[in-house]
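In what follows, a single structure is set out as structure tokens and then discussed.
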Amino acid sequence: MNRRDFMLRAFKGMVITGLLPQFSSCLRSNDDKKYFFPLDQSDMNYVQLNFYGGPVRWGFDNFLRPTESHEFIPTRMVGGRFKDGMGDVELKWVKKHGYLVPDFWDLKMKSGVEHSTLLQNMISIRGVDINVSGHPHGIIKTVRPDSTQPSIQGVISDHSKSPLPSIIFGSNPATRSYESIKRGGIKIPLNERNLLEQILSPFVLAEEKSLFGSNNDKKKIITKVLDNLKLVEGAEDKYLKELYGSLDLFIDNLAPFLDEYESYLSKYEKLILQNIRNFDGLSLDKLSLRTLDMGNLSKFKSEDEWGRYKIDYQTYLRGDNLEEMLSSADLGFVPHQFACTEFLLKRGLTNSLMMSTPNEMGSFLYNCSNQNNVHQKSFSEGKIVSTKDKFVSIQMDSHNTGTILQTIASFMFYRGLVPCLDRLKNELKAIQIGDNKSLFDKTLIHLCSEFERIPSEFESGTEHNHRSHTSSFLSGSIKKFQIAGNIKTGNNVYGTIGTAGHVEKFGRNLDPRDIYQSICSIMKIKSPVPRAEVLLDWKGDEITSTLNELKNVEGVSC
Amino acid sequence: MLKIILLMLFILSNLAFADDYAEKNGPSVKKTERFAGRFFIRNTLMEIFGKSAEPIIEANYFKAGKQVGGPCDIYEQVYHEQDHMEDPTRECPGGKPASKYPHFPKTNILRSSHLLKTCYELVYKQPIPSSLQGQNDFIKSVSKKFYPFGGDEKLRETLSLKFKKWDLESRKEALFTYCLSPGWQRL
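Top line first, the protein sequences correspond to chains B and F. Note that my numbering numbers the first sequence so that position 67 is 67, with each residue one more than the last. Note that my numbering numbers the second sequence so that position 82 is 640, with each residue one more than the last.
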């Protein structure tokens, strides 16, 4: 062999040994597409939809009149549709799955599926007495009712075998109440489109440009180092286990997962857009709104006359521009959270999630166009001026939202939420896990907020009803619709609005600790909350309510 | 008299039960580890790896404040002129929300992966820090940097036994091990 042949063969050898790792890494990146999979489905999944802000739910899942024999006293503002052209509202009832429910549930999604299909897998507990005032205290009682113990997400996370601990979206007192003993939660702010990247990007090893390096080599080095630490700290060290856990999750390329997330996000966005501006069932066409009498302020008796037109403090709706206001509205980060939740549950990355609001107060609708639409009334100046705010949100904490916008906004919100829940349910149902069960059977979705509301007599807003909390649960393991819990009938001033009624079985009102205890019971983990009652439990493979009281008891609301 | 005797027997039997319970179950004390926030981690690693480490720490660890902890203090931001901070290192990166990050993050998998990536890049994407180069007793020098007050005896012994000679590969592995070790991060 001469020098030329030797150099040529050596060069060929170098190329092959250099290219082979690249080729194998291409194969590996195909495997990465299948990375993450439901690892251990013995754990139940828990997803909490926390409507922080305390929205009205009497048109949705606060079932005030479960049967015809339950006394119901109607009152202003408590409604799900417009009764007449002046903006009076009413609740109409339909029978679904053995109970009377607001006729919202009779409506159909754009897909043609009735809202009430969700009820087949729902248990709703009403009349829970939060018994503390204020949003932060109220929501803390829901999320972490015993301040000496972990929050519900924390205790689930501590017992979980999932790679990631609880994932909490948003930033508000509910999300900040997270507390655990062993595993810190992952808090994802709602400030950009790609939520999944925030969760997964720590697990991407920087790309190696070298022909001779690969992430596999990196992982070998890291494994050697972790093994060194194992000799010192011991195999059971929690910190070390997390380092090994993160090594298991490292991936070469995030792009396929982000594409998957983006496809889910597009679907949820489309679902919401298709459904939120479908006003069937609201009787919006009956509504003919007056505009403010520009020339005669003395007739204007403030909230007594114009309360129902209120949007916010000192801001009123100019009715002829309502359509423009609603045409730009959206639901904020709801689709993003659903997309992320679907990805994470399908991949078995976590078994505990909280979907919540981006900041200190949740809104039904975001980005409602406000230009030239709304008049800001200034009594002291004796004139009506236009607001300069281009966009406005319709808050869930509706202290200053009158009947008209509150009814429309809450209707639109739940109109958008139900298809998202329906899709999530169907996607999880499609994933089969052993023993003829689906991922939806292994998931408990919890709808909650701090409290219900008390309507104002001027219809200019609502106050907190901290003696009324509703928690609704959805799961494939719930085989029939159930409502449980007692409420008071109220009186002719406030009507039936869901205030907690005494439960004979326990000799007291229901307490948020009972909800916490029930969730632990369903998750099959030991509850750290003592002396609380279990309201939901397993009966074989089925989740049922163990509370057999469902009464509207005589009593004044508040 | 009989009643007094019975009462005393009752009290003593409860004490005996309590002793028995305590012996079996021990005192109930909950202990949680506290890990330092990102400012401490950044400052320590920059001290060891040098100023050139700053971009690596910033990109892989510091910016993930919500996961790794370490709120900034908005009152430390002193401006003498508009847009001119007296000490730019005191800036609250990410704005006011950065002042609400947890002080003492619990260990979590995200924190672990951020630290793992940071330490890997510090060790393998840069030369060994000049203060550690050419040292005869490499492991002793590294130990002094990460554990100036001791507490790493077992780690030092383990690595000394493993590496008979200190070539580049073994130095990097030892440095990486020290960087990931939990002791220096614990408060």
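We put the CB at the ideal spot given by N, CA and C, even for glycine. No experiment lies behind these values; they were computed from the predicted model shown.
Taking the DSSP output, what are the residues bridged to residue i?
i	result
D312(B)	T315(B)
M355(B)	L49(B)
Q395(B)	S363(B)
E324(B)	DSSP output for E324(B) lists no bridge partner at all.
H446(B)	Q48(B), F473(B)
V128(B)	H469(B), L510(B)
L713(F)	Answer is none; L713(F) lacks a bridge partner.
M122(B)	L474(B)
W742(F)	DSSP output for W742(F) lists no bridge partner at all.
R81(B)	E90(B)
V101(B)	V94(B)
R453(B)	H464(B)
Would residue i and residue j be called neighbours here (beta carbons separated by less than 9 Å)?
i	j	result
L317(B)	L289(B)	yes
A532(B)	R513(B)	yes
D397(B)	P136(B)	no
Y268(B)	C368(B)	no
E342(B)	L428(B)	yes
G242(B)	I667(F)	One point to set straight first is that residue 242(B) is Glu, not Gly, in the sequence displayed. Result yes, Cβ atoms of E242(B) and I667(F) sit closer than 9 Å.
F473(B)	I522(B)	yes
T470(B)	I125(B)	yes
V392(B)	I311(B)	yes
G87(B)	L287(B)	yes
Y46(B)	L535(B)	no
H466(B)	S160(B)	no
L265(B)	A339(B)	yes
I130(B)	T148(B)	no
Q153(B)	M354(B)	yes
K182(B)	K730(F)	no
L118(B)	K425(B)	yes
V700(F)	A656(F)	no
V94(B)	D84(B)	no
I'd like the list of long-range same chain contacts for residue i, defined as Cβ closer than 8 Å, with 5 residues on each side in sequence excluded.
i	result
K34(B)	Caution applies to K34(B), whose pLDDT of 42 falls short of 50 and renders its modelled position unreliable; the model cannot decide the point.
R744(F)	E591, R592, F593, A594
Y678(F)	F734
L738(F)	L673, L674, C677
F23(B)	At F23(B) the pLDDT is 36, less than 50, meaning the model places this residue with poor confidence and gives no usable figure here.
V128(B)	S468, H469, T470, S471, G485, A500, N509, L510, D511, P512, D514, I515
H661(F)	G595, G627, G628, P629
L247(B)	K219, I222, T223, L226
E554(B)	E71, K488, T489
D158(B)	P150, S180, I181, K182, R183
M604(F)	A611, E612, I615
C26(B)	With a pLDDT of only 35 at C26(B), under 50, the local geometry of the prediction cannot be trusted, and no value is derived from it.
Once you ignore the five residues that flank residue i on each side, which residues in its own chain have a CB closer than 6 Å to its CB?
i	result
S116(B)	K96, W105
D31(B)	Note that D31(B) scores 38 on pLDDT, short of 50, meaning its location in the model is unreliable and no value can be drawn from it.
T350(B)	S162, L164, I167, L344
G307(B)	G402, F458, E459, S460
E727(F)	none
K229(B)	Per the sequence shown, the amino acid found at residue 229(B) is Leu instead of Lys. Once the five neighbours on either side are set aside, the close Cβ partners of L229(B) are L240.
F411(B)	L282
L547(B)	A484, L535
S518(B)	V534, L535, L536
D441(B)	G476, S477
Excluding the 5 residues flanking residue i on each side, which residues of the same chain have their C-beta closer than 7 Å to its C-beta?
i	result
F333(B)	L190, P358
A617(F)	none
K624(F)	Y659
M559(F)	none
Y705(F)	G741, W742
Q395(B)	G53, M361, S363, T401
V204(B)	I251, L254
G245(B)	P163
Stretch-stretch touch, CB-based, cutoff 8 Å, three pairs: the segment 167–174 of chain B with the segment 475–482 of chain B: The segment 167–174 of chain B makes no contact with the segment 475–482 of chain B; the number of CB pairs closer than 8 Å stays below 3.
Given 8 Å, three or more beta-carbon pairs between the segment 76–86 of chain B and the segment 452–468 of chain B: Verdict: yes, contact present.
Near-chain B residues of the segment 617–635 of chain F - C-beta to any C-beta below 8 Å: Those would be A622, K624, Q625, in chain order.
Cβ-based contacts, 9 Å cut-off: residues of the segment 597–617 of chain F near chain B: Residues passing the 9 Å Cβ filter: none.
At least three beta-carbon pairs within less than 8 Å, the segment 270–281 of chain B to the segment 217–226 of chain B: Verdict: no, contact absent.
Residues, ordered as in the chain, of the segment 654–678 of chain F that lie near chain B by beta-carbon distance below 9 Å: Within the segment 654–678 of chain F, the residues whose Cβ lies closer than 9 Å to some Cβ of chain B are P655, K658, P660, P663, K664, T665, N666, I667, L668, R669, S670, S671, H672, L673, L674, K675, C677, Y678, listed in chain order.
Contact residues within the segment 691–719 of chain F, judged by C-beta distance below 8 Å to chain B: Those residues of the segment 691–719 of chain F placed with their C-beta closer than 8 Å to a C-beta in chain B are K712, L713, T716, L717, ordered along the chain.
Residues, ordered as in the chain, of the segment 212–235 of chain B that lie near chain F by beta-carbon distance below 8 Å: Listed by position along the chain: K218, I221, I222, K224, V225, L226, N228, L229, L231, V232, E233.
Interfacial residues, the segment 145–169 of chain B to chain F, with Cβ spacing under 7 Å: Within the segment 145–169 of chain B, the residues whose Cβ lies closer than 7 Å to some Cβ of chain F are P163, L164, P165, listed in chain order.
Against chain F: residues of the segment 175–186 of chain B by CB proximity under 9 Å: From the segment 175–186 of chain B, only R176, S180, I181, K182, R183, G184, G185, I186 have a Cβ closer than 9 Å to chain F.
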